[in-house]
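Here's the structure we're looking at; comments come further down.
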Amino acid sequence: MKQNDVDVAGFFKDLQNEEDNTKKLENEIDHIMIQAVYNKDTNRLKALIPLIDKCDWSQKTKDEYHLIIKGMIESTKLDIIPNYDPDKKVIQDLKDRIFSIPDFNQFKLEMFGNFMIFYDWQTNIFITIQLLKQFDNKNDNKELLAISAILSNLISQLVEAKQYDKTKPFFDAAEKIPATPELYFTRTVLDLHKYVVAYHYNHQQGDLDKAKLIAKTYQVTGFKEFSKTVQHFINQEIERLKEAKK
6 MKQNDVDVAG FFKDLQNEED NTKKLENEID HIMIQAVYNK DTNRLKALIP LIDKCDWSQK
66 TKDEYHLIIK GMIESTKLDI IPNYDPDKKV IQDLKDRIFS IPDFNQFKLE MFGNFMIFYD
126 WQTNIFITIQ LLKQFDNKND NKELLAISAI LSNLISQLVE AKQYDKTKPF FDAAEKIPAT
186 PELYFTRTVL DLHKYVVAYH YNHQQGDLDK AKLIAKTYQV TGFKEFSKTV QHFINQEIER
246 LKEAKK
């Protein structure tokens with residue numbers, strides 16, 4: 006919508022004037038949130054809150070969206086503001102909401118995947134192991150997409166924390182995810198992590214070249230911001246190995 010110069014408030018008004026557009030409205034909000042997070046645009050996220058308040062939804066649904074948006078604002082700030090201290094109440098409310106969902110349904114998978122950054126790696130390992138016990142190849146693509154994103158986030162967190170030895174079971178789990186067009190993007194992210202970890206252990210230029218090639222692919226296919234993040238991740242590992250050799 007931002008790229009197409011569509012007015013967000015106007016779009017919401019149009020949808021509200023049509024019948025049976027609840028799902029379409031939810032999908033559009035989700036799309037705006039994803040784009041705002043990708044572009045690190047906290048103002049765009051904040052602008053959604055008063056618009057949601059005007060929706061003809063239950064208060065429970067509105068509160069849920071409020072919490073998700075506030076969580077995305079905090080995670081974005083954590084990404085762009087050095088040494089940022091997230092809002093403790095928002096983080097605790099997110100954790101309470103995730104914990105309150107008894108089974109790993111689609112909503113819980115997405116909530117955990119989006120906000121696992123607020124857990125330490127030990128807790129994320131524990132939760133991920135529990136969800137993998139429910140994992141099999143019969144999961145639908147949306148569930149598999151959420152699971153592969155969780156695995157990618159966890160492996161990234163473990164690499165950041167220099168816990169390379171703890172990544173193997175999660176790479177093994179990732180290998181069970183089928184290769185389909187819908188899951189292509191998250192599979193490439195997992196492969197990138199695999200090559201970075203392999204480079205850490207084996208110091209083989211071939212592994213590093215494969216990781217860089219994936220990062221380059223993101224750049225030339227329009228994911229420039231994500232490509233920068235990935236390249237920073239790769240460069241961090243290169244610098245770590247240089248320091249280790251001194």
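First residue of the sequence shown: 6, per the working numbering; consecutive thereafter. From the three backbone atoms N, C-alpha and C, an ideal C-beta is built for every residue, glycine too.
The distance from the Cβ of M121 to that of N129 is about 5 Å, consistent with a contact at the 8 Å cut-off. Under the criterion of beta carbons closer than 8 Å, I152 and F140 qualify as touching, at roughly 6 Å. With a cutoff of 8 Å on beta-carbon distance, Y169 and H205 are scored as near each other. Of T81, P91 and T27, the smallest CA-CA separation from K67 is found for T27.
Boundaries of the alpha helix (DSSP H) around L72: Q64 to I85.
Exclusion of the five residues before and after A220 leaves L197, S232, V235, Q236 and I239 as the residues of its chain whose Cβ lies within less than 8 Å of its Cβ. Residue ranges of uninterrupted alpha helix (DSSP H) with 4 or more members, entirely inside the region 139–196 and ordered along the chain, are 146–165 and 173–180.
Straight-line measurement puts the Cα of K51 at about 16 Å from the Cα of I85. By the neighbour-count criterion, in which a residue is buried when 16 or more other Cβ atoms sit within 10 angstroms of its Cβ, Y189 is exposed. From the listed residues N88, Q127, E31 and T226, the smallest Cα separation to I74 is found for E31.
Per DSSP, reduced to three states, the secondary structure at F120 is helical.
Within the same chain, Cβ atoms closer than 6 Å to the Cβ of L53 are found at I74, the five residues on either side in sequence being excluded. Considering only G76, Y43 and T47, the residue with the shortest C-alpha distance to D98 is G76.
For Q127, the enclosing alpha helix (DSSP H) starts and ends at W126 to L137. Take the alpha-carbon of K247 and the one of D145: they are about 43 Å apart. As the crow flies, the alpha-carbon of E79 is around 15 Å from that of G118.
If you draw a straight line from the Cα of F176 to the Cα of T133, it comes to about 12 Å.
The beta carbons of L150 and E180 sit about 16 Å from each other, so the pair does not count as a contact at 8 Å.
Non-local beta-carbon contacts of A166 in its own chain, meaning distances under 8 Å to residues more than five positions away in sequence, involve W126 in chain order.
Restricting attention to E242, T226, T81 and K173, the CA atom closest to the CA of M38 is found in T81.
For T47, the enclosing alpha helix (DSSP H) starts and ends at T47 to D58.
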